[in-house]
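Residue numbers (the numbering used here), protein chains in the order written: chain A, 1 to 113; chain B, 1001 to 1138.
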């Protein structure tokens, strides 16, 4: 099992992070590392594209929550791109839909930042 | 790693999986779970719920128990329900309250309780935690 993470800067302090694969205890440290590296570089507005994610568990959610706490300390934000109903279901039942803005496209996610 | 498939007269026992308690096997556990559910012709959304639940239970074992060698996962069928029993195969060292240090603390158990029809935990500091879960086959 592998996970692929790509990021691109779209404007000052703003990145889009594309994640592909399954996010669980095994792979979430890589996601955490990639997101934290961007935050440490001063990118406090992150759109995380989960369109290529087939599976996410509570550890993956924990990584996103932890990252959101960090960027909010700098008045930043994290928005998500996700249309997979199974992934959205996890965000719904945990109530995280109230914390994260979930969009259908990267453009929309950047607009909702 | 051992997979045992029994055929009993009542067709209740489906499969037993003895697998190392390690994060790298979680994906494999999901694949086996998917295969068991597909054989039972379960709906895809229920299959995904079961994959999430089993992963959450096994992840807890991986995260909070040190020195554990194996996890035993039993799949069986009874009265139109898929029953899943996950048993840690040695002493659990850390207690669950330690999980508050993590951002995902408690989320996993909350998710399982929301998506499974029945969940039961048996905490045993000497012999590890056991979790029973059930999902209606429809």
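The beta-carbon is built from N, C-alpha and C at its ideal position, and this holds for glycine as well. Note that this is a predicted model, so its numbers are computed, not measured.
Between residue 1055(B) and chain A, the shortest Cβ-Cβ separation is below 8 angstroms. Close partners of residue 1026(B) in chain A (Cβ separation under 7 angstroms): 24, 25, 26.
Per DSSP, residue 1029(B) lies in no beta strand (DSSP E) segment; the continuous alpha helix (DSSP H) that holds it begins and ends at 1026-1039. Here residue 33(A) is exposed: its Cβ has fewer than 16 other Cβ atoms, across all protein chains shown, within 10 Å. Secondary structure of residue 1110(B) (DSSP, three-state): helix.
Looking from the CA of residue 38(A), the closest CA among 101(A), 26(A), 73(A), 7(A) belongs to 7(A). Under the DSSP assignment, residue 1078(B) falls in the beta strand (DSSP E) whose first and last residues are 1070-1078.
Between the alpha carbons of residue 88(A) and residue 110(A) lies a distance of about 19 angstroms. Distances from the CA of residue 24(A) to each of 48(A), 55(A), 91(A) were compared; the closest alpha carbon is that of 55(A).
Taking 8 angstroms as the Cβ-Cβ cut-off, the stretch 1034-1060 of chain B approaches chain A at 1045, 1048, 1051, 1052, 1055, 1056, 1059, given in chain order. Rounded to whole angstroms, the gap between the alpha carbons of residue 1131(B) and residue 80(A) is 32 angstroms.
Take the alpha-carbon of residue 1078(B) and the one of residue 1138(B): they are about 13 angstroms apart. If you check each beta-carbon in the stretch 75-95 of chain A against every beta-carbon of chain B, the ones closer than 7 angstroms belong to 86, 90, 93, 94. Counting along the chain, the unbroken beta strand (DSSP E) around residue 47(A) starts and ends at 45-56.
Beyond the five residues adjoining it in sequence on each side, residue 1022(B) comes within less than 8 angstroms, by CB distance, of 1062 in the same chain, given in chain order. By the neighbour-count definition (other C-beta atoms within 10 Å, threshold 16), residue 107(A) is an exposed residue. Residue nearest to residue 98(A) within the set 42(A), 78(A), 105(A) is 78(A) (criterion: CA-CA distance).
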